[in-house]
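Undergrad:
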Amino acid sequence: MKRLFSLAAGLLLLSALLAGCERRRELYTTQFVTLFDTVVTVRAYAGSRQAFDEWADDLYAELEEYHRLFDVYHEYEGMNNLCTVNRLGAAAPVEVDGRILDLLEMGKAIGEQTGGKLNIAMGAALSLWSEYRAQGMADPASAALPPAGELREAMAHADPADIQIDRGASTVFLADSLLQIDVGAVGKGYAVEQAAQRMEERAEKYDVDGALINAGGNIRTIGVRGDGTPWEVGVQDPADADRLLLKVGLSGSRALVTSGDYQRYYTVDGIRYAHIIDPGTGVPPRHMAAVSVLCGDSARADALSTALFCMTVEEGRALVESLPDTEAVWVAGDGAVTYSSGFEAHLT
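For the sequence shown, the numbering used here begins at 170 and goes up steadily by one.
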């Protein structure tokens with residue numbers, strides 16, 4: 170009887186300790202404002218504020234490293250990044266970090282998979298549009314489109330095949346001296362995915378259970394919420410910034426990325442021109458308001474959401490249905506909503 174009593178007391182003590190551990194786990198939040206030209210919001214369940222802060226600091230360091238590697242506007246001491254490649258890559262091969270090679274290879278591969286609707290070689294055209302968009306936003310009365318001749322010239326130097334990668338030498342060479350790389354359609358998603366994978370591996374070390382990373386609409390989850398339920402993520406109505414179009418439940422290692430014409434745009438003669446440029450035409454598509462992609466890889470979701478935005482709904486749906494572990498929802502310019510065959514199962 171004494172042994173049974175001791176065992177029962179031990180089980181009660183263990184149960185109390187476990188319950189105490191569960192009660193200790195709280196949801197903490199922080200934000201980073203200097204990475205990838207966006208606000209990164211991080212939420213996670215952790216055993217203490219200190220544990221969360223240490224985990225978040227580690228995540229920031231991971232993301233900052235990718236931000237520097239993929240930055241096409243600034244160079245940093247001690248590394249050759251994509252800005253270096255754009256500046257020197259046409260004169261001679263530039264030796265770079267393997268993570269840059271991984272990103273470029275992925276971008277080129279998804280470009281082929283999408284029939285060229287993702288193009289990491291059209292930096293010259295994107296830069297031209299960015300210049301006119303900035304001017305138009307600063308002075309709406311003088312907003313104008315890029316001159317057609319300049320745009321044609323920029324688009325003539327946008328062949329991804331001219332981005333030549335040498336894995337053995339770990340170099341990138343630009344065969345076209347006027348080509349400029351721009352990874353805005355995939356770089357942030359790739360960075361978030363790689364950083365999230367590293368932080369998943371370190372979750373136990375930092376006493377973190379379940380996290381959600383939101384990098385300017387690029388969402389990646391780790392695990393579930395503290396009560397064991399899926400993370401609930403809203404998708405904005407493109408026509409109303411104060412209204413959610415739908416809510417999606419995400420559990421485990423999942424990504425949801427949205428590309429929309431409401432995120433960055435300017436208006437010329439009453440027409441909205443988004444920051445997303447169709448590689449086939451050199452101008453922003455006007456038939457689409459938003460596309461959200463759900464899959465298990467933030468980089469792929471990021472790239473596909475941009476590419477699908479430049480396709481018709483029919484073309485995009487056919488592509489998505491052919492891909493494993495991939496769902497999408499389209500919001501056309503007229504407000505019509507179309508789901509891939511499995512997307513609605515994730516709605517909450």
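We put the beta carbon where it would ideally sit given N, CA and C, even for glycine. The structure presented is a predicted model; accordingly, all values stated were derived computationally and were not measured.
1. The beta strand (DSSP E) with residue 335 in it runs from where to where?
2. Under 8 Å between the Cβ atoms of residue 501 and residue 458?
3. According to DSSP, which residues form a beta bridge with residue 416?
4. Under 8 Å, do residue 357 and residue 384 count as touching if we go by C-beta distance?
5. Taking 8 Å as the threshold (C-beta atoms), are residue 421 and residue 395 in contact?
6. Roughly how many whole angstroms lie between the Cα atoms of residue 515 and residue 208?
7. In this structure, does DSSP put residue 457 in helix, strand or coil?
8. Checking 8 Å against the spacing of the C-beta atoms, do residue 314 and residue 351 come in under that value?
9. Spell out a yes or no on whether the stretch 399 to 410 and the stretch 445 to 465 are touching, meaning 3 or more CB-CB pairs, one atom from each, closer than 8 Å.
10. Using the beta-carbon count (16 or more within 10 Å), is residue 192 buried or exposed?
11. Between which two residues does the beta strand (DSSP E) containing residue 381 stretch?
12. In its own chain, which residues sit with a C-beta less than 7 Å from the C-beta of residue 508, not counting the 5 before and 5 after it?
13. Can you tell me the Cβ-Cβ gap for residue 241 and residue 252, rounded? I've got them flagged as a contact below 8 Å.
14. Can you tell me which of the three DSSP states residue 479 falls into?
15. Leaving aside the five residues before and after residue 328 along the sequence, list all residues of the same chain whose C-beta is less than 8 Å from its C-beta, in chain order.
16. What is the DSSP secondary structure of residue 200, counted as helix, strand or coil?
17. Going by Cα to Cα distance, which pick from 198, 203 and 225 is closest to residue 371?
18. If you follow the alpha helix (DSSP H) that residue 512 is in, where does it begin and where does it stop?
19. What does the alpha-carbon distance come out to for the pair residue 194 and residue 221?
20. Taking the continuous alpha helix (DSSP H) assigned at residue 429, which residues delimit it?
21. Just the C-alpha distance for residue 341 and residue 278, rounded to the nearest angstrom, thanks.
22. Buried or exposed for residue 496, please, with buried defined as at least 16 other CB atoms from any protein chain shown within 10 angstroms of its CB.
23. What is the C-beta distance between residue 428 and residue 390, in whole angstroms, given that I count them as a contact (C-beta under 8 Å)?
24. Whole-angstrom Cβ separation of residue 452 and residue 305, contact assumed at under 8 Å?
TA: On the basis of the data shown:
1. 332 to 335
2. yes
3. 403
4. yes
5. no
6. 26 Å
7. strand
8. no
9. yes
10. In this prediction, residue 192 has a pLDDT of 46, which is less than 50 and means its spatial position is unreliable; what the coordinates show is noted afterwards. Exposed, since its Cβ has fewer than 16 Cβ neighbours within 10 Å.
11. 377 to 384
12. 498
13. 5 Å
14. coil
15. 290, 345 and 348
16. strand
17. 225
18. Element bounds for residue 512: n/a, residue is neither H nor E.
19. 10 Å
20. Per DSSP, residue 429 belongs to no alpha helix (DSSP H); it is in the beta strand (DSSP E), 424 to 429.
21. 16 Å
22. buried
23. No, residue 428 and residue 390 are not in contact; Cβ-Cβ is about 19 Å, not under 8 Å.
24. That belief does not hold up - the Cβ atoms of residue 452 and residue 305 are roughly 14 Å apart, past 8 Å.
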